[in-house]
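Colleague:
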Ligand code: ATP
Ligand code: MG
Ligand code: FE
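Numbering (full-length UniProt numbering), first residue to last: 4 to 343.
So this is what it looks like as structure tokens:
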């Protein structure tokens with residue numbers, strides 16, 4: 004199967020051509036980061052305008068790079084949520100138009116399922132599986148008993164991990180999105196501040212990062228007031244150590260209660276070197292669970308991961324018609340035939 008996939012949920016316009024759910028023939032990603040940087044975050048109206056300007060160019064490039072034409076395609080897949088409504092609408096409208104014009108089935112894809120299925124480009128997903136999804140808007144542990152079945156067993160009560168990275172990065176003077184640079188600085192510093200590990204010892208799989216964020220900001224502001232300069236690398240290292248500790252501890256606890264064949268680390272923050280190496284360490288204690296780290300280039304938003312889910316849904320006959328709408332607050336739904 005050849006799937007043309009669209010992703011426009013946030014600030015990346017992306018179009019990909021995916022063969023059989025695991026081969027990337029093309030994956031064009033047009034990022035708008037520069038346009039949002041001066042605002043310190045994504046401005047929805049600016050994002051929508053960029054998507055409109057980029058989408059047709061991205062489709063042309065994706066088809067050309069894959070050396071295919073519309074008539075070679077099997078289906079069109081598109082992210083319809085969660086995300087920014089105006090941004091999602093551009094992808095949904097483009098996908099609907101192409102599906103209609105070329106008489107192709109339309110496949111509606113959940114963006115977070117996409118992040119999880121980025122692992123599909125490393126190896127087949129084996130079930131039951133667990134995914135630790137850490138992105139700009141989500142931090143959750145997702146249990147997957149079978150293909151296309153998702154149960155959120157724990158999630159953040161406030162900020163997402165990526166959001167916390169971006170906010171503390173701003174205090175350190177790092178441009179949006181700050182995660183990658185904070186990660187780099189963290190490796191040059193030491194955990195000297197001992198920031199709080201919220202909910203770490205609680206008997207659940209939930210997370211909270213707003214207390215850590217506040218502790219960080221208060222520490223920096225207090226130092227400013229008394230004219231003291233703190234070491235930015237140590238601040239970054241201390242912040243990252245706290246995030247990695249909680250993410251790893253909760254994941255280990257989840258794996259103890261839900262034995263799985265695979266643990267998938269997914270989402271933009273899955274590119275983090277600290278969490279990648281920590282999970283590699285922790286997984287040594289789980290001889291029957293394999294750790295699957297999405298390729299670095301596929302951790303952030305991209306259409307290839309949407310095409311991977313598209314293939315799964317195609318095989319499950321999950322299609323949408325022309326009434327498909329963007330759903331900014333889309334949540335996972337249990338398949339009707341799921342065994343719980
Ligand atoms: P969602 O997927 O929840 O809708 P999103 O699509 O905006 O949100 P992603 O694009 O998946 O989020 O991830 C972006 C986030 O990943 C940003 O917050 C960014 O700072 C963070 N990030 C990227 N690289 C790293 C890294 N190496 N360490 C920590 N965070 C990182
Ligand atoms: Mg993004
Ligand atoms: Fe994302």
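Every residue, glycine too, gets a C-beta built ideally from N, C-alpha and C. Just so we're clear, the structure is a prediction, and the values are computed from it rather than from any experiment.
Please look up how many angstroms separate the CB atoms of residue 236 and residue 192, rounded, as I've assumed it's under 8 angstroms.
Modeller: In the chain shown, the residue the question calls residue 236 occupies position 233. In the chain shown, the residue the question calls residue 192 occupies position 189. With a Cβ gap of about 3 angstroms, residue 236 and residue 192 count as contacting.
Colleague: Under three-state DSSP, which class holds residue 32?
Modeller: Start at 1 with the first residue of the chain shown, and residue 32 comes out as number 29. In the structure shown, residue 32 sits in a strand (DSSP, three-state: E or B).
Colleague: For the putative contact between residue 10 and residue 82, defined by C-beta atoms under 8 angstroms, what is the C-beta separation to the nearest angstrom?
Modeller: Taking the chain shown and counting its residues from 1, one reaches residue 10 at position 7. Taking the chain shown and counting its residues from 1, one reaches residue 82 at position 79. Confirmed, Cβ separation roughly 5 angstroms.
Colleague: Which value, in whole angstroms, describes the spacing of the CA atoms of residue 32 and residue 159?
Modeller: On the chain shown, position 29 is the one that residue 32 refers to. On the chain shown, position 156 is the one that residue 159 refers to. Residue 32 and residue 159: Cα-Cα distance of roughly 28 angstroms.
Colleague: Among 254, 200, 149, 7, whose alpha-carbon lies nearest the alpha-carbon of residue 135?
Modeller: By one-based count along the chain shown, residue 135 stands at place 132. Ranking the options by Cα distance to residue 135, first place goes to 254.
Colleague: For residue 129, which three-state DSSP category applies?
Modeller: Along the chain shown, one-based indexing puts residue 129 at 126. Residue state, collapsed to three classes: coil.
Colleague: Let me check one thing: in DSSP terms, what residues is residue 111 bridge-paired to?
Modeller: Indexing the chain shown from 1 puts residue 111 at position 108. According to DSSP, which records beta bridges pairwise, residue 111 is partnered with 81.
Colleague: Three or more C-beta pairs under 8 angstroms: does that hold for the region 102–113 against the region 49–69?
Modeller: The answer is no - the region 49–69 does not touch the region 102–113, with fewer than three Cβ pairs under 8 angstroms.
Colleague: Is it buried or exposed, residue 19, if we count other Cβ atoms within 10 angstroms and call 16 or more buried?
Modeller: For the purposes of this step, residue 19 is identified with residue 16 of the chain shown, where counting begins at 1. Answer is buried; the Cβ neighbour count reaches 16.
Colleague: Thinking residue 264 and residue 48 are a contact (beta carbons under 8 angstroms), I'd like their distance in whole angstroms, please.
Modeller: As a first step, residue 264 must be located in the chain shown, where it is residue number 261. As a first step, residue 48 must be located in the chain shown, where it is residue number 45. Rounded, the Cβ-Cβ distance is 44 angstroms, inconsistent with contact.
Colleague: Please determine, among 321, 153, 50, the residue with the shortest C-alpha to C-alpha distance to residue 334.
Modeller: Within the chain shown, the letter at position 331 stands for residue 334. Comparing Cα-Cα distances from residue 334 to each of 321, 153, 50, the minimum goes to 153.
Colleague: Quick check on residue 299: buried or exposed, where buried means 16 or more other Cβ atoms within 10 Å of its Cβ?
Modeller: Numbered from 1 along the chain shown, position 296 holds the residue referred to as residue 299. Under this definition residue 299 is an exposed residue.
Colleague: May I have all residues whose beta carbon comes closer than 5 angstroms to any heavy atom of the ligand ATP, sorted in chain order?
Modeller: Output, sorted by chain position: 13, 138, 139, 140, 141, 165, 168, 169, 180, 182, 183, 186, 270, 271, 272, 274, 275, 303, 304.
Colleague: Does any heavy atom of the ligand FE sit closer than 7 angstroms to the C-beta of residue 53?
Modeller: As a working note, residue 53 is residue 50 in the chain shown. Result no, Cβ not under 7 angstroms from the ligand FE.
Colleague: Three-state secondary structure (DSSP) at residue 20?
Modeller: Sequence index remark: in the chain shown, residue 20 carries index 17 (1-based). In the structure shown, residue 20 sits in a strand (DSSP, three-state: E or B).
Colleague: Hey, out of 68, 317, 277, 76, whose CA is closest to residue 5's CA?
Modeller: Here residue 5 refers to the residue found at position 2 of the chain shown. Residue 76 is the option with its Cα nearest to residue 5.
Colleague: Regarding residue 190 and the ligand FE, is the C-beta to nearest heavy atom distance less than 7 angstroms?
Modeller: On the chain shown, position 187 is the one that residue 190 refers to. Not so, every heavy atom of the ligand FE lies at least 7 angstroms from the Cβ.
Colleague: Please report the straight-line C-alpha distance between residue 109 and residue 61, rounded to a whole angstrom.
Modeller: Along the chain shown, one-based indexing puts residue 109 at 106. Along the chain shown, one-based indexing puts residue 61 at 58. Each residue's alpha carbon lies about 18 angstroms from the other.
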